[in-house]
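Engineer: In terms of my numbering, the sequence shown opens at residue 256 and continues consecutively.
The structure that follows is given in the form of structure tokens.
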Amino acid sequence: IEQGTPQQFGLPYRRVSLSSVNGKQLFSWYLPVEGSEKPVPAVVIMHGWGGNAEMMLPLARPLHAAGFAVLLVDARNHGQSDSDTFSSMPRFAEDMASGLDWLAAQPEVDAGRIALLGHSVGAAASLLLASRRREVAAVVSIAAFAHPERIMRRQMAAKRIPFLPLGWLVLKYVERTIGHRFADIAPLTTIQHIHCPVLLVHGDADRSVPLEDAELIHASAGGRDVTLLALEGADHDSIEHIDSHGDEL
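This is the structure:
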């Protein structure tokens, strides 16, 4: 649960409650752009697994300074948002969609210039949502995995769990629980259906999701407007490394 607020970063904000799937409410912080005479661009920011909106504030600061209204959202079962039966990457995407719709309805926001930014599972969710919603103007994906099966295989191998038959059964159980085939929602697949510019940000010292995953997503883009920014020395949760790249974001 959040301990601080955007005020610690000198950012104006107000608390917003968003309606999501299953009648659940999402805790959010909205950082408006004050004094603009015309509608402004905006961005929805989503944390990763086990994270919350507060962890993403270092990224909100350079974007807000650049003139973006910013909406930081807690996914269901995270931060101060409502609990639900389970969390999954598609559910993160549903919660981001709630933020996208809310921003588009704000009179001070240019509904044609709303971007998505996500970290880890939130990054994969950003790519999934952008593949479904053509009105998304841009995506910044930070430390996304290439395929859910790849990351689960790595986790099982680290715990010396044999893939056959136990690991395979676990993967099939998870697919059945979340209601999606991994092949359909994997960033390797969704990147091929995105029509807006995408920036893939990944640390070359990421021990949770190797840089190779970002390279695979980039290679799968098929000539689309997808840029890969590799950060030297950055680990999976090295938000402070990314903060220094505000201009690229």
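C-beta atoms are modelled at their ideal positions from N, C-alpha and C, and glycine is treated no differently.
Buried or exposed: Thr444, going by 16 or more other Cβ atoms within 10 Å of its Cβ?
Structural biologist: Per the 10 Å Cβ criterion, buried.
Engineer: Measuring straight from C-alpha to C-alpha, what distance separates Ala359 and Val325?
Structural biologist: 12 Å
Engineer: Exposed or buried, which one is Lys293 when buried takes at least 16 other CB atoms within 10 Å?
Structural biologist: exposed
Engineer: As a quick exercise: from Glu363, His333 and Ala413, pick the residue whose alpha carbon is nearest that of Phe282.
Structural biologist: His333
Engineer: Should the segment 295 to 307 be called in touch with the segment 356 to 373, which here means at least 3 C-beta pairs below 8 Å?
Structural biologist: Contact holds: three or more Cβ-Cβ distances are below 8 Å.
Engineer: Starting from the C-beta of His319, find all residues in its chain whose C-beta is less than 8 Å away, skip the five residues before and the five after it, and write them out in chain order.
Structural biologist: Residues of the same chain with a CB within less than 8 Å of the CB of His319, apart from the 5 flanking positions on each side, are Leu266, Leu286, Val288 and Val325 in chain order.
Engineer: Within 8 Å, do at least three Cβ pairs link the segment 445 to 453 to the segment 407 to 424?
Structural biologist: no
Engineer: So does the segment 392 to 405 actually touch the segment 464 to 474, counting three or more Cβ pairs closer than 8 Å?
Structural biologist: yes
Engineer: Can you give me the C-alpha to C-alpha distance between Gly434 and Ser291, rounded to a whole angstrom?
Structural biologist: 43 Å
Engineer: Based on DSSP bridge pairs, tell me the residues matched to Gln280.
Structural biologist: Ser274
Engineer: Ordered along the chain, which non-local residues of its own chain (more than five positions away) have a Cβ less than 6 Å from that of Arg269?
Structural biologist: Tyr285
Engineer: Report all residues from its chain with a CB closer than 6 Å to the CB of Asp498; omit the five preceding and five following residues, and keep chain order.
Structural biologist: Pro313
Engineer: Looking at the strands, I want to know which residues DSSP matches up with Thr482.
Structural biologist: Leu454
Engineer: With burial defined as no fewer than 16 other Cβ atoms inside 10 Å of the residue's Cβ, what is the status of Leu504: buried or exposed?
Structural biologist: Label assigned to Leu504: buried.
Engineer: Anyone know if the C-beta pair for Pro296 and Arg409 falls short of 9 Å?
Structural biologist: no
Engineer: Taking the alpha-carbon of Gly501 as reference, which of Leu486, Ala308 and Lys427 has the nearest alpha-carbon?
Structural biologist: Leu486
Engineer: Where does Gly322 sit, in a helix, a strand or coil, going by DSSP?
Structural biologist: coil
Engineer: Out of Asp480, Gly478 and His457, point me to the one whose CA is closest to Glu470's CA.
Structural biologist: Nearest C-alpha to Glu470 among Asp480, Gly478 and His457: His457.
Engineer: Report the three-state DSSP secondary structure of Asp490 (helix, strand or coil).
Structural biologist: coil
Engineer: Leu424 and Ser353 - do their beta-carbons sit closer together than 9 Å?
Structural biologist: no
Engineer: Taking Cβ to Cβ, would you say Met407 is nearer than 9 Å to Gly377?
Structural biologist: no
Engineer: Leu327 by DSSP, collapsed to three states: which one?
Structural biologist: strand
Engineer: Assign Val429 to one of three DSSP states: helix, strand, or coil.
Structural biologist: helix
Engineer: Between the Cα of Val508 and those of Leu483, Ala476, Leu382 and Ser343, spot the shortest distance and give me the residue it belongs to.
Structural biologist: The displayed coordinates of the chain run from 256 to 504. Any statement about residue 508 would go beyond what the structure contains.
Engineer: Where DSSP assigns a beta bridge to Val298, which residues make up the other side?
Structural biologist: Val298 pairs with Val325 and Ala370.
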